[in-house]
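Below is one structure; the comments refer to it alone.
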Amino acid sequence: MKLSVSIQVNGRTYDREIEPRLLLVHFLRDSIALTGTKIGCDTSQCGACTVLLDDVAVKACTCLAAQADGCSVTTIEGLAPDGRLNALQEAFWTKHGLQCGFCTPGMIFAAQALLRVNGNPSPEQIRHALEGNLCRCTGYQNIVRSVQAAAAAGVR
Amino acid sequence: MAQQNTIAGGPLNVVGKRGPNIDAVERVTGRAKYTGDIDIPGMLVARVLRSPRPHARIAAIDTSKAEAVTGVRAVMTYKDAPKVMIWGSRQYALNDRVRFKGEAVAILAAVDAETADRALKLITVEYEPLPFVLDPEEALKPGAPQLFPDGNLEGQPRMLNRGDVEQGLKESDKVIERFYHCPTMWSGGMEPRACVAQWDGDHLTLWASTQAPFRVHGSLTAMFNVPDANVRVISSYVGGGFGTKSAPHTDEALAAMLARKARLPVKLQYTREEEILDSNTRFETKIYVRLGVKKDMTLHALDVKAYINQGAYHTRLGGLGNQSTHVYKSPHVRTVQYRVHTNIPNTGPTRGVGDPQETFAIESVMDEIAIEMGWDPMEFRLKNIKRNGDPIARGAVGTEDGRLVAQALDKCIEAGASRMQWNRRNAVAGSPTGTKARGIGIACTERGGGAGLAGASVRVNLDGSVHVLFASTDIGQGSRTTLSMIASEVLGIPLSLFRTTAGDTEMAPYDGGSYGNRTLQGTGRAVEAAARACLQQILAAASPTLNNAAPADLEIRDSIIRVKADPARQVKVADVMQRRGRSVTGDGATAALQTGVDVERTSGAHFVEVEVDKETGKVHIIKYISAHDVGRPINVTIVENQIEGGTIQGLALTQGEEMRFDERTGACLTGSFVDLKPPTALDFDPRVIEAIIVPNEGTTGPFGGKGLGENPCHPGMAAVANAIYNATGVRLREVPFTRAKILRALSEPRRT
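So the protein lines, in turn, are chains A and B.
Quick note on our numbering: the first sequence kicks off at 1 and runs consecutively.
Quick note on our numbering: the second sequence kicks off at 157 and runs consecutively.
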């Protein structure tokens, strides 16, 4: 049995017939070839697949594609549609908030979700908000600095 | 820290500066294609059937039902797998005998994941169980289950002798004997292993998440018996490696075998569980140490016996470093290493290889004897460390046939101690009386770098832009940036005009790969040589337009070639290149780093202040100073973050990441992040970790730089153990330092 879904991703609507069990992360990566969203684990702990679902940060491996039917999803490819980096991307770049970059798309959305509700977070609040996103390279220092810089630049 | 940023020949314009990674834009936009992101029309999905037993013969295997499933394109077992071992191991990609739980038994490729998953369940295997052994010491006892016909010991014990250690111990005024244990630990990156294989006739292209494309290349050319030119390995963006991806692995062979049989491209992507259970993780070490000192505070004899749990198959990689022989002066040293095969998954070199484990043992025992003798542990170290001009072995030999140069361990200790305010530590360990006790610890370390063959190409295009091509990889350490900065400094062409191709065996000359502190001092020297070759050609081409000035009298700054003595006479690099009509290319290759008696090493000292909650066993890091000699930092931002990230990885080993195996079944009990508990943003307050780059200049690396990646991961376990002792008076000799272990130790009667 296939399901018909209509999911808006980065402003574009995708109408697809999907398996009911298809996870949102596989819909993004395999069905519509947006591979910027990463898969780092199979137990919902690493956060590499974090995207915005109707402006809420979700781990796309914990969400069925069917649940996103009629919703709007933002992935990392959608943040700089005209090639101009948004302020969070800019901050992660200039503050050296990444090394290998595999966790970065997820980190950026976890940070984005925080800044939506708290435009001026303390380092503690940032670290709490990023607790569900693992990074093995940086030790998190520069990630926290990047989020602070993005907040200072007015990202909400 | 104010280091004058000049070398002979003038000030440096690029090297030694701060700056973000030049490829970060690809990574923050999702444009960077990691191996798992690659999609090829018609590509099949591969799945691996894994052994449920730690040691068994395959009595029967039936794949007929799986093969009959619509959409399955190829199924393979040991019956049709090449009988060629994976590089650096005793492992066949598929065999009729399995030696760890989780080893591949069969593989298949199908048109989609669902079909592959369904078909995999239809393969039936009859196992004939064999007795198994998990512990490296047990595995060497008579009657232990045997993994290989020649036994469980890999090769001969690695022995190193200097002086006469037994005599030295007899002569010592004080001798202590201790045992330190580091279990098997997970050390992977965020990106699980992945590869995509595609055959075009006899030519294989393999995209792989590897640190060492040419090692994988060598493994595959041997396996398929094809010329070097017939295999291309591409590892463009890698989501972390930390050593676990530094050796060829079964997955690359499995994908290539399947793709050849199916005559279609195949993607094999590990789940996180597969990544944990079938990767090359940090090996267990059981280290027995005897240390003897003289009353005058000199180290006199050091005897180290180590059992290294290599897991099932690896042969070439893994073992202790040189902490026992290279950090301190001692007339008598002996190390013996037994590398032992057991029925746990392959282990191998991970960040620091055996150095973190060895540092844990040596720096703990140094602390223990200093305290027993009533010496300041830092003064004891300063008294005994090797300094510039001291004899040191050039290789893994006992004889000190070389001379230490460009060393700065003393400066690292002094800078770190000053920043930590070492004198604040408890004069009497365990003296704090409250529930929460603070203490301070120190640990020193060292390592070499730049070993093996390296190569790179630099191409200056007709518009004056530059391409740097190298077959080592950027696994996140920033080598695209650092290597480009080296070429930019040499060429006088701004970094903004640089592009890189990393990790491609068809585009770049041979290079061993990115591991072991080697990219900067290996690939970096090759890039420098390649860029200098380009520079000479550009200057020669410019000479006619600058009144035939000798190339030696010319220089390039900001892509403008000038006559040094008369800067008004100038021409743009792009104009010279256009006129020349051919791009300029330079190749660089380097071999042995040090050929004379001079020995250059990279050292560091860590200082940590902890607070131990005696009621809960929780250890809280209050302050952590990581002082490192990196020679001249090429990019200060990158170096600082390498130190910070490496320090956290070292600290992670103190709190979790242990891989535990069930004695009854051989099963790994820690196959997920829930069990391994890698650090989150909450575990260590980033603000307490401070990186200090000690001013120094190397003698062999490009612009005096030294490789660094491994070192910051070495001292954490020892420094924290020493600080916990200073806080509480209890000595922990086994990592990780779980709350249960600390509470148990605190409840035991205290030795005085």
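A virtual CB, placed ideally from N, CA and C, is assigned to each residue, including glycine.
| Check | Outcome |
| --- | --- |
| B:Asp619 classed as buried or exposed, judged by whether at least 16 other C-beta atoms fall within 10 angstroms | exposed |
| Buried versus exposed, by CB contacts within 10 Å (16 or more), B:Asn704 | exposed |
| Chain A within 8 Å of B:Ile804, Cβ atoms only | yes |
| B:Pro868 burial status per 10 Å Cβ neighbour count (16 or more: buried) | buried |
| Spatially closest choice to A:Val144 from A:Leu88, A:Leu23 and A:Leu22, by CA coordinates | A:Leu88 |
| Within-8 Å CB hit, B:Phe763 to chain A | no |
| Identity of the residue in B:Asp523, B:Pro501 and B:Asn540 nearest B:Phe288 by Cα | B:Pro501 |
| Contacts of B:Thr185 in chain A (Cβ-Cβ under 8 Å) | Gly36, Ile76, Glu77, Leu79, Ala80, Leu85 and Gln89 |
| Residues of its chain near B:Ile631, where Cβ-Cβ distance is below 7 Å and the 5 sequence neighbours each way are ignored | Gln367, Val394, Gly396, Gly397 and Ser670 |
| Integer-rounded CB distance, given that B:Lys774 should sit under 8 Å from B:Arg895 | 6 Å |
| Spatially closest choice to B:Ile214 from B:Ala222, B:Lys221 and B:Leu205, by CA coordinates | B:Leu205 |
| Residue-level contact to chain A via CB, B:Met346, 8 Å cutoff | yes |
| Coil, strand or helix - B:Cys568 by DSSP | helix |
| Terminal residues of the alpha helix (DSSP H) in which B:Arg895 lies | Arg895 to Ser903 |
| Cα-Cα separation, B:Thr656 to B:Ala847 | 29 Å |
| Which of helix, strand or coil DSSP assigns to B:Gln726 | strand |
| Closer than 8 Å to chain B by CB, A:Val51 | no |
| Counted within 10 angstroms of its Cβ, other Cβ atoms place B:Phe335 as buried (16 or more) or exposed | exposed |
| Contact list for B:Gly396 against chain A, beta-carbon separation under 8 Å | Gln99, Cys100, Phe102, Arg136 and Cys137 |
| Simplified DSSP state of B:Ile631, which is helix, strand or coil | coil |
| Bridge partner(s) assigned by DSSP for B:Arg318 | B:Val489 |
| Among B:Glu771, B:Pro851, B:Val483 and B:Asn544, the one whose alpha carbon lies nearest that of B:Arg900 | B:Glu771 |
| Residue from A:Leu53, A:Arg12 and A:Ala80 with nearest C-alpha to A:Ala68 | A:Leu53 |
| B:Phe654 - DSSP class collapsed to helix/strand/coil | strand |
| Cβ-based contacts, 8 Å cut-off: residues of the segment 759-787 of chain B near chain A | none |
| Identity of the residues DSSP links to B:Gln354 by a beta bridge | B:Thr361 |
| Touching by the beta-carbon criterion (3+ pairs, under 8 Å), the segment 215-229 of chain B and the segment 104-123 of chain A | no |
| Interfacial residues, the segment 851-875 of chain B to chain A, with Cβ spacing under 8 Å | none |
| Residue environment, B:Ala593, which counts as buried when at least 16 other CB atoms sit within 10 Å | buried |
| Segment contact, 8 Å Cβ cut-off, at least three pairs: the segment 780-787 of chain B with the segment 838-847 of chain B | yes |
| Residues that A:Ala113 contacts on chain B, provided the C-beta gap is smaller than 7 Å | The premise fails here: A:Ala113 is roughly 14 Å from chain B at the closest Cβ pair, so nothing lies under 7 Å. |
| Runs of alpha helix (DSSP H) wholly within the segment 171-199 of chain B (minimum 4 residues, chain order) | 180-185 |
| B:Glu282 vs B:Arg349 beta-carbon contact at 8 Å | no |
| Supposed contact pair B:Gly244 and B:Ser328 - C-beta distance, whole angstroms, cut 8 Å | No, B:Ser328 and B:Gly244 are not in contact; Cβ-Cβ is about 40 Å, not under 8 Å. |
| Contact between the segment 855-871 of chain B and the segment 565-584 of chain B (3+ Cβ pairs under 8 Å) | no |
| Cβ pair count under 8 Å reaching 3, the segment 546-558 of chain B against the segment 510-527 of chain B | no |
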